[in-house]
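Asker: In the numbering used here, the protein residues as written are 30 to 173.
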Amino acid sequence: MKDNRYYTLPLQASKILSGSFHDSCSINESIAHYIHLVNTSYFGECTFDEDFGSAIWLVDFDNLKSSNRLKAFIVVSLEESLQRIEKRLSNIRVEVKVKQEELFEMAEANRIKKKIDIHITARIKKTNEAFNYVEYFFLGPLSY
30 MKDNRYYTLP
40 LQASKILSGS
50 FHDSCSINES
60 IAHYIHLVNT
70 SYFGECTFDE
80 DFGSAIWLVD
90 FDNLKSSNRL
100 KAFIVVSLEE
110 SLQRIEKRLS
120 NIRVEVKVKQ
130 EELFEMAEAN
140 RIKKKIDIHI
150 TARIKKTNEA
160 FNYVEYFFLG
170 PLSY
């Protein structure tokens, strides 16, 4: 029988290899954790797969792209990465919104940064359930 446990992050390989208890989660949470890893990894960061990651890091300080070009660039990158990497999903659709947002850090030093809202919809192959994922990032420098 196939093991249906999904492990939480951070993954503690020593616990798994020794047979110790490792926190587990639902398939939805596992997929969400994995998508977050894809979103926050830059291409070439993972030695096991040079194509693991997304283009978000490539546009982190890019102030020259229009919001529409930035949005299209991120959508294509995430859709391609998730279709190739996340085999538990089908019908993956990525929607991205780009907007300027004022961050109130101190009374005298407010900053305006680009905010990237990401909404991913798909189907979980195993259960045919609808899957939804929402995350946002601020660019220059990347933060979430």
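Note that the Cβ used here is the ideal one computed from N, Cα and C, for glycine as well.
Please confirm if the stretch 75-87 is in contact with the stretch 36-51, defined as three or more CB-CB distances below 8 angstroms between the two stretches.
Answerer: Flag = no, the stretch 75-87 and the stretch 36-51 do not touch.
Asker: Output the boundary residues of the beta strand (DSSP E) element that contains V88.
Answerer: Along the sequence shown, read from residue 1 onward, the residue named residue 88 stands at position 59. That residue, V88, is in no beta strand (DSSP E); it is neither H nor E in DSSP.
Asker: Please list, in chain order, all residues of the same chain as L107 whose beta carbon is under 6 angstroms from its beta carbon, the five residues on each side excluded.
Answerer: Against the sequence shown, residue 107 aligns to sequence position 78. Closer than 6 angstroms at the Cβ level, and outside the excluded window around L107, lie S83 and V123.
Asker: Any idea if N139 is buried or exposed, counting beta-carbon neighbours within 10 angstroms, 16 or more meaning buried?
Answerer: As a first step, residue 139 must be located in the sequence shown, where it is residue number 110. So N139 counts as exposed.
Asker: Rounded C-beta distance between E158 and H65? I'm assuming under 8 angstroms.
Answerer: If you number the sequence shown from 1, residue 158 lands on position 129. If you number the sequence shown from 1, residue 65 lands on position 36. At roughly 19 angstroms, the Cβ-Cβ gap does not stay under 8 angstroms, so E158 and H65 are not in contact.
Asker: Straight-line CA distance for S55 to R34?
Answerer: As a working mapping, residue 55 is identified with position 26 in the sequence shown. As a working mapping, residue 34 is identified with position 5 in the sequence shown. Cα-Cα distance, rounded: 8 angstroms.
Asker: H51 by DSSP, collapsed to three states: which one?
Answerer: As a working mapping, residue 51 is identified with position 22 in the sequence shown. If DSSP states are grouped into helix, strand and coil, H51 belongs with coil.
Asker: Identify whether E108 lies in helix, strand or coil by the three-state DSSP scheme.
Answerer: In the sequence shown, counting from the first residue as 1, residue 108 sits at position 79. Note: E108 maps to helix in three-state DSSP.
Asker: Using the three-state DSSP reduction, which class does N57 fall into: helix, strand or coil?
Answerer: Position 28 of the sequence shown, counted from the start, is the residue given in the question as residue 57. The answer is helix: DSSP assigns N57 an H, G or I state.
Asker: Would you report the Cα separation of V104 and E58, rounded to the nearest angstrom?
Answerer: Residue numbering aside, residue 104 sits at position 75 when the sequence shown is read from its first letter. Residue numbering aside, residue 58 sits at position 29 when the sequence shown is read from its first letter. Roughly 22 angstroms separates the two Cα atoms.
Asker: Can you tell me which of the three DSSP states T150 falls into?
Answerer: Stepping through the sequence shown from its first residue, residue 150 is reached at position 121. Here T150 sits in strand by DSSP.
Asker: Just to confirm my understanding: we take K128, look at its own chain, exclude 5 residues before and 5 after, and list those with CB closer than 8 angstroms. What are they?
Answerer: By one-based count along the sequence shown, residue 128 stands at place 99. So the list reads S96, K143, K144 and D146, once near-sequence residues are dropped.
Asker: What residue range is occupied by the uninterrupted beta strand (DSSP E) comprising S119?
Answerer: Locating residue 119 in the sequence shown gives position 90, where the first residue counts as 1. Looking at the DSSP string, the run of the beta strand (DSSP E) that includes S119 is L118 to L132.
Asker: For L168, which three-state DSSP category applies?
Answerer: Numbered from 1 along the sequence shown, position 139 holds the residue referred to as residue 168. Looking at L168 - three-state DSSP - the assignment turns out to be strand.
Asker: Compare the Cα-Cα distances from L111 to each of R152, I141 and L87 and report the closest residue.
Answerer: Start at 1 with the first residue of the sequence shown, and residue 111 comes out as number 82. Of R152, I141 and L87, the residue nearest in Cα terms is R152.
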